[in-house]
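The sequence shown runs -26 to -1, 1 to 300 under mature numbering (1 follows the signal peptide of the UniProt record, and there is no 0).
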Amino acid sequence: MNVLTHNLRRGALLLAAISMSGAALAQDAYPSRPITLLVGFPSGGPADIAARIVAQGLTESLKQSVVVENRTGAGGNIATQAVAKAPADGYTILVATASFTLNAVQDPAKAGYDAVKDFVPVALVATQANAITVNANFPAKSIAELQSVMKSKSVNFATSGVGTSSHLSAAHLFRAIWKTDAVAIPYRGAGPAAVAVAAGDPPVSFTTATAVLPLVQQGKVRVLGVVSDTRIPSLPDVPTLAQSGYPQLTPSSTAVYVSSATPPAIRQKLNETINKFMAQPTYKEKFVAAGMEPVDGRSLAELQKYNTDEVRIWGEIVKAVGSDAK
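Shown next, in the form of structure tokens:
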């Protein structure tokens, strides 16, 4: 080996070492500027509420500004696409409900992403019940009575949007199981859907419990049943759908996602940070007050399994619902 070749190799190795150390330092310094949490639905829904709680926890833990930005439309897909196209550096993060999975499962080409290959969940923060809600003046006061009304005449019902978990669950129950002619009226989020039912047009909704709780407290609507593993503390007298004879339905969940190209060190830091503040009673109480069930911290490996399981479970529901999913 001549001197020139030797020096060139040494130089290349030195540059590589400098580059690697620079990248490591950049990740160690993360975050060095504000972080944006993108939400695909308007304020008042579970993803928005969860994002604001997570933003507070990250701000306090990382000593860096964390802002929530609502980019609504396309069943949450506009926000998801924005995260997919942003630099994979941990500064643009997605907070999403089951709609994230459902968009990819129902129409992969239209969604433009693979839920498992293109994204990595760094935290699962809560599950939230979907609630069957009726206007205060609607005659049905139970799930059985609602079924009777819906079988006797066509009833419009509000959902959080086409392809959302509430839309799929409603179509599964009202049309596939009950065999009614109920018509879905999709809104751009759970908040607007809940407000519409409070006004009586349409008189029924299948949306997240989070969105309807304030309206329940105001006496404008009442909840007949919730899709949840157990009764939720904020509505202790309302039965679960399983208790009413419909165990087929599954609750939605809210998770925090980054691009799969995000450096492992940043993924790990986000995972550990969120798990740590979510273990505090203060943060658990915030979710409970919003009608959600906080989830114990999970490792990145456990979250990857969760992501894969979500694709399988919702894929089965989409298949059962068929054309009513759209």
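Quick reminder that beta carbons are idealized off the backbone N, C-alpha and C, glycines included.
The structure presented is a predicted model; accordingly, all values stated were derived computationally and were not measured.
What residues match up with residue i in a beta bridge as DSSP calls it?
i: THR133; result: PRO160 and PHE180
i: ASN104; result: THR182 and VAL201
i: PHE93; result: SER233
i: PRO268; result: ALA100
i: ARG196; result: VAL108
Between which two residues does the alpha helix (DSSP H) holding residue i run?
i: LEU209; result: Per DSSP, LEU209 belongs to no alpha helix (DSSP H) and is neither H nor E.
i: ASN249; result: 238 to 252
i: residue 308; result: This structure cannot speak to residue 308, because the chain is shown only from -26 to 300.
i: GLY31; result: 20 to 36
i: PRO61; result: Where PRO61 is concerned, there is no enclosing alpha helix (DSSP H), given that its DSSP letter is neither H nor E.
i: THR256; result: 255 to 263
i: LYS84; result: 82 to 85
Are there 16 or more other CB atoms within 10 angstroms of the CB of residue i, so buried, or fewer, so exposed?
i: GLU284; result: buried
i: ARG196; result: buried
i: LYS260; result: buried
i: ASN111; result: exposed
i: ARG286; result: exposed
i: ALA168; result: buried
i: SER227; result: buried
i: PRO166; result: buried
i: ARG26; result: buried
i: GLN254; result: exposed
i: ALA156; result: buried
i: GLY64; result: buried
i: ARG241; result: buried
i: ASP22; result: buried
i: ALA100; result: buried
i: SER122; result: exposed
i: ALA3; result: exposed
i: THR46; result: buried
With DSSP as the reference, label residue i as helix, strand or coil.
i: ARG149; result: helix
i: ALA275; result: helix
i: THR66; result: strand
i: THR228; result: strand
i: THR10; result: strand
i: PHE74; result: helix
i: VAL292; result: helix
i: THR138; result: coil
i: TYR280; result: helix
i: LYS125; result: helix
i: SER143; result: helix
i: LEU189; result: helix
i: LEU120; result: helix
i: ARG286; result: helix
What first and last residue would you give for the beta strand (DSSP E) that runs through residue i?
i: ASN44; result: 40 to 44
Going by the C-beta, is residue i closer than 6 Å to any heavy atom of the ligand NAD?
i: THR54; result: Summarising the ligand content, the structure contains no ligands, and the ligand NAD is consequently not present.
Exercise. Touch check for the stretch 68 to 83 and the stretch 144 to 153: three-plus C-beta pairs under 8 Å?
Worked result: no
For this session: Evaluate the contact criterion for the stretch 174 to 192 versus the stretch 39 to 55: three or more CB pairs, one atom per stretch, below 8 Å.
Result: no
For this session: Specify whether the stretch 60 to 75 and the stretch 190 to 209 touch according to this definition: at least 3 beta carbon pairs, one from each stretch, less than 8 Å apart.
Result: no
Exercise. Are the stretch 238 to 253 and the stretch 121 to 140 in contact at 8 Å, needing three or more beta carbon pairs?
Worked result: no
Problem set entry | Touching by the beta-carbon criterion (3+ pairs, under 8 Å), the stretch 89 to 96 and the stretch 264 to 282 | yes
Exercise. Between the stretch 54 to 70 and the stretch 10 to 25, do at least 3 Cβ pairs fall closer than 8 Å?
Worked result: yes
Exercise. How do the stretch 106 to 125 and the stretch 212 to 222 stand: do at least 3 beta-carbon pairs fall below 8 Å, yes or no?
Worked result: yes
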